[in-house]
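Notes follow the structure.
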Amino acid sequence: MIERRENQMKKIITERGQSLVELSISLVVLLMLLAGAVEFGMAFFQFVQLRDAAQEGALYGSMNPYVDSNGNKAFNTGEPVNQAGIETRVRSSSSSPIDLSDSSIVTVTASSADGSNLFCEGHGLQVTVSYTHKVFMPFVSAITEEIPLTATVTDTILSPVCP
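Position one of the sequence shown corresponds to residue 3 (the working numbering), numbered consecutively onward.
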């Protein structure tokens, strides 16, 4: 009985620090999961900003879809999409967390949704906003350094009436 008790005491003494090692290993795993969740949350927040900006550009483009090249305030076949106006509206919609006004990191394109290049009532206008999210967390950046984010919104053109 005394010998058995001595064996148990030796076992307790030799396992000293085991819980600290287990804690440190599990803490590293938990911190990696937390870093991944934070990085995903930041990327998702930036995607929501891109989507909102694309919606703002599509809304503006649905009411001002083309460049009135001859000044008659009516759509003529072949008139180009109002790329500059739509892009200005997208870029001015927000500045945080992504500075949308920086054209070197954010691209904005506007085109007809159905490929017809008719920018008049009833046709679709598609606005695409793209950005590359840079990964900041050290453990996540070992997997991927960049996450490409693209938001595309299609809206129906409300005016002018087609010829």
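Ideal Cβ placement from N, Cα and C applies to all residues, glycine included.
All values reported here derive from a predicted model rather than from experimental measurement.
- Y133 and R91 have their C-alpha atoms spaced approximately 17 Å apart.
- Beta-bridge partners assigned by DSSP to Q128: S113, T156.
- Note on geometry: alpha-carbon atoms of A37 and L102 lie some 26 Å from one another.
- Annotation: the continuous alpha helix (DSSP H) that includes S143 extends over 140-143.
- Exclusion of the five residues before and after S71 leaves E81 as the residues of its chain whose Cβ lies within less than 6 Å of its Cβ.
- Between T130 and the set P165, L32, T154, S98, the nearest pair of CA atoms involves T154.
- Taking Y68 as the centre and dropping the five residues before and after it, the same chain places the C-beta of F77, E81, P82, V83, N84, F121 closer than 7 Å to its C-beta, in chain order.
- By the CB criterion at 9 Å, M139 and E24 fall outside the cutoff.
- Residue pairing for V108: DSSP places it in a beta bridge opposite Y133.
- When DSSP reads this structure, L151 sits in a beta bridge with Y133.
- Setting aside the 5 residues that flank it on each side, Q128 is surrounded in the same chain by S113, A115, T156, each with a C-beta closer than 6 Å to its C-beta; the list follows chain order.
- DSSP places V50 within a helical segment (H, G or I) once states are collapsed to three.
- Bounds of the alpha helix (DSSP H) holding T90 are 85-93.
- Excluding five sequence positions before and after E89, the CB atoms of its chain that fall closer than 8 Å to its own CB belong to G59, V110, A112, given in chain order.
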